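The structure appears right after this line, and notes come after that.
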Amino acid sequence: MNARIPLGVLTAVTGISGSGKSSLVAQALPELVLLHLGHEPEDDVAESATSEGPAVIEATGGHLAGDVDAIQRLVQVDQKPIGRTPRSNLATYTGLFDHVRKLFAATPYARRRRYDAGRFSFNVAEGRCETCEGEGEGFVSVELLFMPSVYAPCPTCHGARYNEATLKVQWNGRNIAEVLQMTVDEASEFFAGEDAVARPLQLLRDIGLGYLRLGQPATELSGGEAHRIKLATELQRSQRGRSLYVLDEPTTGLHASDA
Numbered sequence: 013m014n015a016r017i018p019l020g021v022l023t024a025v026t027g028i029s030g031s032g033k034s035s036l037v038a039q040a041l042p043e044l045v046l047l048h049l050g051h052e053p054e055d056d057v058a059e060s061a062t063s064e065g066p067a068v069i070e071a072t073g074g075h076l077a078g079d080v081d082a083i084q085r086l087v088q089v090d091q092k093p094i095g096r097t098p099r100s101n102l103a104t105y106t107g108l109f110d111h112v113r114k115l116f117a118a119t120p121y122a123r124r125r126r127y128d129a130g131r132f133s134f135n136v137a138e139g140r141c142e143t144c145e146g147e148g149e150g151f152v153s154v155e156l157l158f159m160p161s162v163y164a165p166c167p168t169c170h171g172a173r174y175n176e177a178t179l180k181v182q183w184n185g186r187n188i189a190e191v192l193q194m195t196v197d198e199a200s201e202f203f204a205g206e207d208a209v210a211r212p213l214q215l216l217r218d219i220g221l222g223y224l225r226l227g228q229p230a231t232e233l234s235g236g237e238a239h240r241i242k243l244a245t246e247l248q249r250s251q252r253g254r255s256l257y258v259l260d261e262p263t264t265g266l267h268a269s270d271a
């Protein structure tokens with residue numbers, strides 16, 4: 013088959029179930045574009061496919077024609093999880109947590125104790141809880157007879173993920189664990205004067221994710237939520253160049269008025 017897809021505009025591919033929409037848009041097109049850009053699909057399917065690794069696309073026959081050289085990069089946004097473990101969350105995936113940690117490291121209390129930004133990562137031994145090693149709420153597995161296991165908070169940090177010394181550091185009256193418990197809407201007001209944090213938060217609000225917590229584990233996010241988080245992460249980039257965006261089922265989980 014032949015398909016003509018214009019550049020510089022929004023193009024929607026629609027059709028009945030099983031008509032080949034995903035095969036064309038989510039498989040054939042990305043593979044051919046990546047081959048044109050000099051990438052092997054099995055090595056680099058898309059710049060923002062997932063934080064865990066590239067997706068696998070089977071070889072597709074065909075070729076591209078027209079003004080293909082106008083495309084400098086491919087961004088494929090799908091519904092795959094942004095992470096496969098609870099350690100990956102909204103704040104870490106979007107990159108805004110890096111700026112938050114720097115704010116805490118710049119407080120007088122942290123500077124006197126020579127705490128750097130790494131201290132406020134729950135993946136670093138110096139700042140995290142020694143008992144759960146930063147797992148927090150999902151540390152203790154409780155086996156239930158005839159029912160799926162449930163998880164209980166760490167008995168030491170009670171789900172905060174950090175040790176007591178780290179939690180003593182506050183920025184505008186809140187410690188790092190309290191910030192991770194904020195929703196996007198709450199954090200947007202809290203960090204209103206910090207553009208590096210406020211900008212990605214506003215983008216998340218604009219696409220209807222203001223109800224999510226900053227520290228909400230990736231494993232608790234729906235496919236539609238993961239889809240929009242990836243889109244917001246891409247939109248906050250200062251330099252996007254001439255990019256081709258491929259979105260698979262972009263309105264999943266949205267009300268008709270939001271779509």
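Per our numbering, residue 13 is the first one in the sequence shown, and the count goes up by one each step. For glycine and all other residues, C-beta sits at the position ideal for the given N, C-alpha and C. Just so it is clear, the structure is predicted and the values come from calculations on it, not from any experiment.
| If you scan the stretch 108–190 from start to end, which runs of the beta strand (DSSP E) of 3 or more residues do you find wholly inside it? | 152–156, 159–164
| Three-state secondary structure (DSSP) at residue 19? | As a first step, residue 19 must be located in the sequence shown, where it is residue number 7. It is coil, neither helix nor strand.
| task | Could you check which residue in 185, 15, 98, 184 has the C-alpha nearest to that of residue 147? | result | Along the sequence shown, one-based indexing puts residue 147 at 135. Among 185, 15, 98, 184, the Cα nearest to that of residue 147 belongs to 98.
| request: Let me know the secondary structure DSSP gives residue 223 once reduced to three states. | output: Counting from 1 along the sequence shown, the entry for residue 223 is found at position 211. In the structure shown, residue 223 sits in coil (DSSP, three-state: anything other than H, G, I, E or B).
| query | Less than 9 Å separating the beta-carbons of residue 91 and residue 220? | reply | The residue you call residue 91 lines up with position 79 of the sequence shown. The residue you call residue 220 lines up with position 208 of the sequence shown. In this structure, residue 220 does not lie closer than 9 Å to residue 91 by Cβ.
| Out of curiosity, what's the CA-to-CA distance linking residue 33 and residue 119? | Here residue 33 refers to the residue found at position 21 when the sequence shown is read from its first residue. Here residue 119 refers to the residue found at position 107 when the sequence shown is read from its first residue. Taking the straight line joining both Cα atoms gives about 52 Å.
| field | Contact under 9 Å by Cβ, residue 250 with residue 87 | value | On the sequence shown, residue 250 is found 238 positions in, with the first residue counted as 1. On the sequence shown, residue 87 is found 75 positions in, with the first residue counted as 1. No; because the gap between Cβ atoms is not below 9 Å, this pair is not in contact.
| task | On a CA-only basis, which of 193, 157, 159 is nearest residue 173? Give me that one, please. | result | If you number the sequence shown from 1, residue 173 lands on position 161. For the residues 193, 157, 159, the minimum Cα distance to residue 173 belongs to 193.
| 9 Å Cβ cutoff met for residue 195 and residue 226 | On the sequence shown, residue 195 is found 183 positions in, with the first residue counted as 1. On the sequence shown, residue 226 is found 214 positions in, with the first residue counted as 1. Their beta carbons are under 9 Å apart, which means residue 195 touches residue 226 by this criterion.
| residue 259: first and last residue of the uninterrupted beta strand (DSSP E) it sits in | One-based indexing of the sequence shown puts residue 259 at position 247. Residue 259 -> beta strand (DSSP E) spans 255–259.
| field | Cross-strand partners of residue 229 (DSSP beta bridge) | value | Taking the sequence shown and counting its residues from 1, one reaches residue 229 at position 217. According to DSSP, which records beta bridges pairwise, residue 229 is partnered with 101.
| residue 86 - DSSP class collapsed to helix/strand/coil | Within the sequence shown, numbered from 1, the residue matching residue 86 stands at position 74. Strand at residue 86.
| said: Buried or exposed, going by whether 16 or more other CB atoms sit within 10 Å of the CB of residue 263? | reply: Translated into positions along the sequence shown, residue 263 becomes position 251. Exposed is the call here.
| message | Let me check one thing: in DSSP terms, what residues is residue 195 bridge-paired to? | response | As a first step, residue 195 is located in the sequence shown; it is residue number 183 there, counting from the start. Beta-bridge pairing links residue 195 to 225.
| task | Report the rounded CA-to-CA distance for residue 42 versus residue 126, giving the unit in angstroms. | result | The count along the sequence shown starts at 1 and reaches residue 42 at position 30. The count along the sequence shown starts at 1 and reaches residue 126 at position 114. Straight-line Cα distance between these residues: approximately 47 Å.
| DSSP state of residue 28, grouped into three classes? | What you label residue 28 is simply residue 16 of the sequence shown in a count that begins at 1. Correct three-state label for residue 28: coil.
| field | residue 132 versus residue 232: straight-line alpha-carbon distance, rounded | value | Locating residue 132 in the sequence shown gives position 120, where the first residue counts as 1. Locating residue 232 in the sequence shown gives position 220, where the first residue counts as 1. Cα to Cα, the separation comes out at about 23 Å.
| request: Can you have a look at residue 175 and say buried or exposed, based on whether 16 or more other CB atoms are within 10 angstroms of its CB? | output: Walking along the sequence shown from the start, residue 175 turns up at place 163. Per the 10 Å Cβ criterion, buried.
| query | Roughly how many whole angstroms lie between the Cα atoms of residue 23 and residue 37? | reply | Walking along the sequence shown from the start, residue 23 turns up at place 11. Walking along the sequence shown from the start, residue 37 turns up at place 25. Approximately 11 Å, taken between the alpha carbons.
| message | Excluding the 5 residues flanking residue 213 on each side, which residues of the same chain have their C-beta closer than 8 Å to its C-beta? | response | Against the sequence shown, residue 213 aligns to sequence position 201. Only 108, 196, 199, 200, 203 meet the Cβ criterion.
| task | List the whole-angstrom C-beta distance separating residue 44 from residue 75, where the pair is believed to meet the contact cut-off of C-beta under 8 Å. | result | By 1-based counting over the sequence shown, the position of residue 44 is 32. By 1-based counting over the sequence shown, the position of residue 75 is 63. With 8 Å as the limit, residue 44 and residue 75 qualify as a contact, their Cβ atoms being about 7 Å apart.
| message | Looking at the secondary structure, which residues open and close the alpha helix (DSSP H) in which residue 240 lies? | response | Against the sequence shown, residue 240 aligns to sequence position 228. It spans 235–247 - the alpha helix (DSSP H) in which residue 240 sits, taken as one unbroken run.
| On the premise that residue 257 lies in contact with residue 89, defined as a C-beta separation below 8 Å, what is that separation, rounded to the nearest angstrom? | Start at 1 with the first residue of the sequence shown, and residue 89 comes out as number 77. Start at 1 with the first residue of the sequence shown, and residue 257 comes out as number 245. The Cβ separation is near 7 Å, so the contact holds.
| request: With a 10 Å radius around its C-beta and 16 neighbouring C-beta atoms as the bar for buried, classify residue 19 as buried or exposed. | output: Mapped onto the sequence shown, residue 19 falls at position 7. Classification for residue 19: exposed.
| Nearest neighbour of residue 207, chosen from 30, 103, 112, 77 [CA to CA] | Taking the first residue of the sequence shown as 1, we reach residue 207 at position 195. Of the listed residues, the one whose Cα sits closest to residue 207 is 112.
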